[in-house]
Each structure stands twice: as structure tokens, then as C-alpha cells.
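Comments concern the structure below.
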Amino acid sequence: MIPSPAIRVVEQTSSKLVLLYPPNYLFGGMLLLVSLLLLFLTLVLYRIQVREPKVNWLTTGLGIFFILLGLLYSSNHTVFTFSREAGRLSISRSIFGITSRDTDVPLQDIRKAAVETTGNQRRLVLVMNSGSVLRMTFSTRQASYYATADVINAFLVTAASR
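For the sequence shown, position 66 matches number 47 in the working numbering, and the numbering has no gaps at all.
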């Protein structure tokens, strides 16, 4: 069974909340399948050419592009760590197994977590005290964003009351 790409709570204590936004294995796998089909098409087109066989660079290039895109979607993940002790939200992104530099946001700068809705697409965001928005997820049809926003808001309210 393919793991769900839904954001989930990894750890929830009175002093720490850790959320994982996992890779989208299904979409990444579909892109890899498309790339294999394109590369197979390249091979077939190469083999059926009678005179001076030439590589079809369009299908080869698209195949390689979709391989890289499929690997990207299958390997990236983001970890959000809300810590009362540090008083910060730490955002750690990993792509192809390489973790990028963390982004830190002071907890007191975060007003609330919300779900942006556009048509039938949803995105989990953090609304800052300044009015700006920090996007936590891609736009998807995930309904679980509402529950995740509630968990974050409960943590922020408890953090503010201490």
C-alpha cells in the first residue's frame, strides 16, 4: 500500500509539536511510469527506423525530465517543528535526501493556522501577525488540512497562554 501524502502529526507533547509533510509517492510513481513509457517509445522509434537510425531527442528529453520530476516528488518531505522551549517554528525541507537550511519563525509572530480554499483545492497556511501568509503545503484536495490546522491552533493557544 502506498503511504498517504497527507500532512500528519509525528509528535505532540505539551512543549513540542512535530508535523511531517511526506513525499507524494503516488504522483511521483505516475511521473516515473510516464517517463518509462516515453523512453520505451524512444527505443521503439529508434528500432523501426530503417535508414540511418537517429535518437528522438524530444521523447528522450521528456523521459529524462519526467524521471527527475518523479524522483523529486517521491523524495521530498518537510518537517515542521513547533517548540515552546525554543519559542520557534523550525521548517526543515529535504529533497533527494539533502536537507536544506532550516527556516525559523518565532511562535509569537504566528497568529493562527488556516486553510486557504480555491475552488476544490486546499492549502494549509500560517497567518502571521503582520498579515502575511506562510504556505505550509501545496494546493491539493486534502480534507485533513482542517484537522491539522486545529492541532496547530490548539498548540499556539496553549503556547500563548503560558
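Quick reminder that beta carbons are idealized off the backbone N, C-alpha and C, glycines included. In this text, all values refer to a predicted model and were calculated from it rather than measured experimentally.
Cβ shell of residue i (< 7 Å), same chain only, five flanking positions each side left out
{"i": "L12", "result": "F47, L50, G51 and Y54"}
{"i": "K136", "result": "The residue asked about is misnamed: residue 136 is Phe in this sequence, not Lys. These residues qualify, in order along the chain: L(-2) and F63."}
Expected contact under 8 Å - CB spacing of residue i and residue j to nearest Å
{"i": "F61", "j": "L70", "result": "7 Å"}
{"i": "M109", "j": "I91", "result": "6 Å"}
{"i": "T146", "j": "I72", "result": "In the structure as shown, the chain begins at -18 and stops at 143. Residue 146 is therefore absent and cannot be evaluated."}
Same chain, Cβ closer than 8 Å to residue i, five either side skipped, listed in chain order
{"i": "Q102", "result": "S120, T121 and R122"}
{"i": "T99", "result": "S120"}
Residue i versus residue j: straight-line alpha-carbon distance, rounded
{"i": "Q(-7)", "j": "A128", "result": "14 Å"}
{"i": "I29", "j": "G10", "result": "29 Å"}
{"i": "R104", "j": "G44", "result": "30 Å"}
{"i": "L17", "j": "N5", "result": "18 Å"}
{"i": "G112", "j": "I133", "result": "18 Å"}
{"i": "P3", "j": "L22", "result": "32 Å"}
{"i": "V138", "j": "E66", "result": "15 Å"}
{"i": "A130", "j": "V15", "result": "35 Å"}
{"i": "K93", "j": "L0", "result": "16 Å"}
{"i": "S(-4)", "j": "V(-10)", "result": "14 Å"}
Nearest to residue i (by Cα), restricted to the options the options
{"i": "T40", "options": "S75, V25 and I29", "result": "V25"}
{"i": "F8", "options": "N57, L1 and Q89", "result": "N57"}
{"i": "L115", "options": "V132, S125, V96 and A124", "result": "V96"}
{"i": "G68", "options": "Q89, L107, L19 and L14", "result": "Q89"}
{"i": "D85", "options": "A94, K93 and R74", "result": "R74"}
{"i": "P87", "options": "T99, L107, K35 and G100", "result": "L107"}
{"i": "G42", "options": "L20, K35 and D83", "result": "L20"}
Contact set for residue i: own chain, Cβ-Cβ below 6 Å, skip 5 residues either direction
{"i": "S125", "result": "A(-13)"}
{"i": "D83", "result": "S71 and S73"}
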